[in-house]
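S.K.: Those protein sequence lines, which keep their order, are chains E and S. Note that the working numbering has the first sequence beginning at 21, numbered continuously upward. Note that the working numbering has the second sequence beginning at 21, numbered continuously upward. For each residue, glycine too, the CB sits at the ideal point set by N, CA and C.
2 protein chains.
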Amino acid sequence: MIRIIGFDADDTLWHNENIFDRAQERYRQLLARYHAPAEVDRALFATEMRNLRLYGYGVKGFMLSAVETAIELTKGTISAQEIREILANGQDMLAHPVDLLPGVPEIVPALARDFRLMIITKGDLRDQERKISESGLAAHFHAVEILSEKDGAAYQRVLRRHGVAPEEFVMVGNSLKSDILPVLELGGAGVHIPYHITWQHEHVEEAPQNQPRFRRVDRLGDLPPLLAEL
Amino acid sequence: MIRIIGFDADDTLWHNENIFDRAQERYRQLLARYHAPAEVDRALFATEMRNLRLYGYGVKGFMLSAVETAIELTKGTISAQEIREILANGQDMLAHPVDLLPGVPEIVPALARDFRLMIITKGDLRDQERKISESGLAAHFHAVEILSEKDGAAYQRVLRRHGVAPEEFVMVGNSLKSDILPVLELGGAGVHIPYHITWQHEHVEEAPQNQPRFRRVDRLGDLPPLLAEL
Numbered sequence: 021m022i023r024i025i026g027f028d029a030d031d032t033l034w035h036n037e038n039i040f041d042r043a044q045e046r047y048r049q050l051l052a053r054y055h056a057p058a059e060v061d062r063a064l065f066a067t068e069m070r071n072l073r074l075y076g077y078g079v080k081g082f083m084l085s086a087v088e089t090a091i092e093l094t095k096g097t098i099s100a101q102e103i104r105e106i107l108a109n110g111q112d113m114l115a116h117p118v119d120l121l122p123g124v125p126e127i128v129p130a131l132a133r134d135f136r137l138m139i140i141t142k143g144d145l146r147d148q149e150r151k152i153s154e155s156g157l158a159a160h161f162h163a164v165e166i167l168s169e170k171d172g173a174a175y176q177r178v179l180r181r182h183g184v185a186p187e188e189f190v191m192v193g194n195s196l197k198s199d200i201l202p203v204l205e206l207g208g209a210g211v212h213i214p215y216h217i218t219w220q221h222e223h224v225e226e227a228p229q230n231q232p233r234f235r236r237v238d239r240l241g242d243l244p245p246l247l248a249e250l
Numbered sequence: 021m022i023r024i025i026g027f028d029a030d031d032t033l034w035h036n037e038n039i040f041d042r043a044q045e046r047y048r049q050l051l052a053r054y055h056a057p058a059e060v061d062r063a064l065f066a067t068e069m070r071n072l073r074l075y076g077y078g079v080k081g082f083m084l085s086a087v088e089t090a091i092e093l094t095k096g097t098i099s100a101q102e103i104r105e106i107l108a109n110g111q112d113m114l115a116h117p118v119d120l121l122p123g124v125p126e127i128v129p130a131l132a133r134d135f136r137l138m139i140i141t142k143g144d145l146r147d148q149e150r151k152i153s154e155s156g157l158a159a160h161f162h163a164v165e166i167l168s169e170k171d172g173a174a175y176q177r178v179l180r181r182h183g184v185a186p187e188e189f190v191m192v193g194n195s196l197k198s199d200i201l202p203v204l205e206l207g208g209a210g211v212h213i214p215y216h217i218t219w220q221h222e223h224v225e226e227a228p229q230n231q232p233r234f235r236r237v238d239r240l241g242d243l244p245p246l247l248a249e250l
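#1: Given this structure, state the Cα-to-Cα distance separating MET138(E) from PHE189(S), to the nearest angstrom.
#2: Quick check on the DSSP output: the alpha helix (DSSP H) that includes ILE166(E) runs from which residue to which?
#3: Within the 9 Å Cβ cut-off, does GLY110(E) reach chain S?
#4: Which ranges does the alpha helix (DSSP H) cover as unbroken runs of at least 4 residues, wholly within the stretch 172-212 of chain E, from first to last along the chain?
#5: Would you list the residues sitting across from PHE234(E) in a DSSP beta bridge?
#6: Check for me: the alpha helix (DSSP H) holding LEU145(E) runs from which residue to which?
#7: By the criterion of Cβ-Cβ separation under 7 Å, what are the contact partners of TYR75(E) in chain S?
#8: At a CB-CB cut-off below 8 Å, which residues of chain S make contact with GLY96(E)?
#9: Closer than 9 Å, CB to CB, is ILE276(E) near chain S or not?
#10: Below 8 Å on C-beta distance, what does VAL87(S) contact in chain E?
#11: Taking only beta-carbon positions, decide if MET69(E) is within less than 9 Å of chain S.
#12: Three Cβ pairs or more, each shorter than 8 Å: is that satisfied between the stretch 186-205 of chain S and the stretch 229-244 of chain S?
#13: Beta carbons nearer than 7 Å to chain E: which residues of the stretch 149-165 of chain S have them?
#14: Run down chain C in chain order and give the residues with a C-beta less than 7 Å from the C-beta of SER195(E).
#15: How big is the Cα-Cα spacing for LEU247(E) and ALA209(E)?
#16: May I ask you to list the residues that DSSP assigns as paired with GLY26(S)?
#17: From the DSSP output, which residues share a beta bridge with LEU120(E)?
#18: Note down the Cα distance separating ARG104(S) from PHE82(E), rounded to an integer number of angstroms.
#19: Quick one: Cα of ALA163(S) to Cα of VAL87(S), how far?
#20: For the alpha helix (DSSP H) holding ALA69(E), just list the boundary residues, first then last.
#21: Can you name the start and end residues of the alpha helix (DSSP H) that VAL87(S) belongs to?
#22: With DSSP as the reference, label ARG133(E) as helix, strand or coil.
#23: Going by CA-CA distance only, name the one from ASP112(S), LEU131(S), ASP30(S), GLY26(S) that's closest to TRP219(S).
#24: So, is ASN109(S) buried or exposed, given that buried needs 16 or more other C-beta atoms within 10 angstroms?
#25: From this set, LEU93(S), PHE65(S), ILE25(S), ASN38(S), which residue's C-alpha is nearest LEU51(S)'s C-alpha?
#26: Take ILE98(E) and list the residues in its own chain whose beta-carbon comes closer than 7 Å to its own, dropping the five residues that flank it on each side.
#27: With a threshold of 9 Å between beta-carbons, can SER168(E) be considered close to chain S, or not?
#28: Along the chain, where does the alpha helix (DSSP H) that runs through GLU102(S) open and close?
#29: Is the stretch 21-39 of chain S close to the stretch 179-193 of chain S, with three or more CB pairs under 8 Å?
#30: Determine contact between the stretch 117-130 of chain E and the stretch 41-59 of chain E, defined as no fewer than three beta-carbon pairs at a distance below 8 Å.
#31: Can you find a C-beta in chain E that's less than 9 Å from the C-beta of MET83(S)?
#32: Any C-beta of chain E within less than 9 Å: which residues of the stretch 109-133 of chain S qualify?
#33: Tell me where the alpha helix (DSSP H) around LEU246(S) begins and ends.
#34: Would the stretch 106-125 of chain E count as touching the stretch 174-184 of chain E if we require 3 or more Cβ pairs under 8 Å?
#35: Return no unless some Cβ of chain S is closer than 9 Å to the Cβ of ALA173(E).
#36: DSSP on ILE217(S), reduced to helix/strand/coil?
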């Protein structure tokens, strides 16, 4: 019997990956005279993965890896002015208005009347706090957890800290890898709402099989009627 | 009667500002042929303050502001190779071994037997978690709070979340501004242990006056005998 709903934030409550996508498109254009787009993408992703241990997730790490990759890909011939553009690009991302996904402004407050809601997200502390505050949704959430990683151990700590049993918990999010699989593993329920773009690092081929507590829906509006059966 | 002790982390449990200091010295050297050291410091600090709202505290924001300032101060003539050095500099900071302050390895475990200990720090999520983990002290702390800002509202949220009354709480740290003044304001106790370097942003001229719950000591070893009288 579900009593607590955990929501991922980026690409679950509001658009995010499309902002990264547009930033990456500008980045490809900036480097277009040096390399083909696919090579730019490959090199940037490799830098991001190499730096993940030091930087963690979020826009600031993306910016730093983008500068590093640009220097690498141009063999040091990129101009300071072009690097300035990469930084300005990232600052635009950090200042981007919060754009709620369809259904969120109605469904979150409605669910908050019957369930305890939590936000469980990862990324830069300041950036996520800004988005939560700007979203206008903060008052509906009983707790906000901004984590450096969303794996089984991290979910276990969060559930323990809030005195939540996995049986009464469902996690809702767009990433099978970060939102759904670790929660199912702990005995919780998971509802996957895919976003139309998935960052390569979050990509998982297969939906979970033989998992009675897993569902996939197309939109947040499909969530409420499911909750009684999880 | 004190029951819970909150510890700041950087420059209270382990060295930090000396790492920033060395990084800033390398940065001054890199820009020495363009500007005098004092001008480099002034410009970097101005960029950091301008970006604080977007980046928050921590090494990644420092790195991004250092790149931006270098481009500005050299009117775009800085080379990509020099920018690469600024990034490498920052990555060294993020990988720097945790160097505990004197007394910490003995006093923290001893206090943990009689008090509930918490770490209350700000900065980059991933970086602070790494340092806490590498410090070997994690097991002695009942809770770790990594915040985007340490002001009165933030302390109030933390105390409420953990069911702690200000009367039974003392905060120990090197920053009057972030560790002591907001806690005294809430009715808690504060013990200031200055570090030999203070970042300009954390600088406060005056120690609190007429505050019976404020103490200043030279070293962590002076803390335990004070706790009974706060």
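M.R.: A quick look at the data gives this:
#1: As a working note, residue 138(E) is residue 118 in the first sequence. As a working note, residue 189(S) is residue 169 in the second sequence. For MET138(E) and PHE189(S), the distance between alpha carbons rounds to 27 Å.
#2: On the first sequence, position 146 is the one that residue 166(E) refers to. That residue, ILE166(E), is in no alpha helix (DSSP H); its beta strand (DSSP E) goes 163-167.
#3: The sequence position of residue 110(E) within the first sequence is 90, counting from 1. Taking Cβ atoms only, chain S reaches closer than 9 Å to GLY110(E), which makes this a yes.
#4: 172-181, 201-205
#5: For this step, residue 234(E) is matched to residue 214 along the first sequence. Looking at the DSSP assignment, PHE234(E) forms a beta bridge with GLY210(E).
#6: Locating residue 145(E) in the first sequence gives position 125, where the first residue counts as 1. Taken as a continuous stretch (DSSP letters only), the alpha helix (DSSP H) holding LEU145(E) covers 145-155.
#7: For the purposes of this step, residue 75(E) is taken as residue 55 along the first sequence, with counting starting at 1. Under the 7 Å cutoff, chain S gives LYS80, ARG146.
#8: Along the first sequence, one-based indexing puts residue 96(E) at 76. Neighbours of GLY96(E) on chain S, chain order: SER99, ALA100, GLN101, ARG104.
#9: Since the displayed chain E opens at 21 and closes at 250, residue 276(E) lies outside it and no answer follows.
#10: On the second sequence, position 67 is the one that residue 87(S) refers to. Those are VAL87, ILE103, LEU107, listed as they occur along chain E.
#11: Against the first sequence, residue 69(E) aligns to sequence position 49. For MET69(E), the answer is no, since every Cβ of chain S falls outside 9 Å of its Cβ.
#12: yes
#13: GLU149
#14: Absent from the structure: chain C. Protein chains present are E and S.
#15: Your numbering for residue 247(E) matches position 227 in the first sequence. Your numbering for residue 209(E) matches position 189 in the first sequence. Rounded to whole angstroms, LEU247(E) to ALA209(E) spans 10 Å at the Cα level.
#16: Locating residue 26(S) in the second sequence gives position 6, counting from the first residue. In the DSSP output, where bridge partners are listed per residue, GLY26(S) has MET138(S), MET191(S).
#17: Sequence index remark: in the first sequence, residue 120(E) carries index 100 (1-based). Answer is TRP34(E).
#18: The residue labelled residue 104(S) in the question sits at position 84 within the second sequence. The residue labelled residue 82(E) in the question sits at position 62 within the first sequence. Going by the C-alpha atoms only, they are around 15 Å apart.
#19: In the second sequence, residue 163(S) corresponds to position 143, counting from 1. In the second sequence, residue 87(S) corresponds to position 67, counting from 1. In a straight line, the C-alpha of ALA163(S) is about 35 Å away from that of VAL87(S).
#20: Here the question's residue 69(E) lines up with position 49 in the first sequence. The sequence shown places Met at residue 69(E), not Ala. That run of the alpha helix (DSSP H) goes 57-75.
#21: Walking along the second sequence from the start, residue 87(S) turns up at place 67. Residues 79-93.
#22: As a position in the first sequence, residue 133(E) is number 113, starting the count at 1. Helix at ARG133(E).
#23: For this step, residue 219(S) is matched to residue 199 along the second sequence. Nearest of ASP112(S), LEU131(S), ASP30(S), GLY26(S) to TRP219(S), Cα basis: ASP30(S).
#24: As a position in the second sequence, residue 109(S) is number 89, starting the count at 1. ASN109(S) comes out buried.
#25: Numbered from its first residue, the second sequence carries residue 51(S) at position 31. Cα-wise, what sits closest to LEU51(S) is LEU93(S).
#26: Residue mapping note: residue 98(E) aligns to position 78 of the first sequence, counting from 1. Taken in chain order, the residues that qualify are ALA90, ILE91.
#27: The count along the first sequence starts at 1 and reaches residue 168(E) at position 148. So yes, SER168(E) belongs to the interface.
#28: Residue mapping note: residue 102(S) aligns to position 82 of the second sequence, counting from 1. First-last of the alpha helix (DSSP H) with GLU102(S): 100-115.
#29: yes
#30: no
#31: Indexing the second sequence from 1 puts residue 83(S) at position 63. True, the Cβ-Cβ gap to chain E drops below 9 Å.
#32: GLY110, GLN111, LEU114, ALA115
#33: Within the second sequence, numbered from 1, the residue matching residue 246(S) stands at position 226. 243-246 is the span of the alpha helix (DSSP H), which, as asked, contains LEU246(S).
#34: no
#35: Indexing the first sequence from 1 puts residue 173(E) at position 153. No, ALA173(E) lies away from the interface with chain S (no Cβ there is under 9 Å from its Cβ).
#36: Numbered from 1 along the second sequence, position 197 holds the residue referred to as residue 217(S). Here ILE217(S) sits in coil by DSSP.
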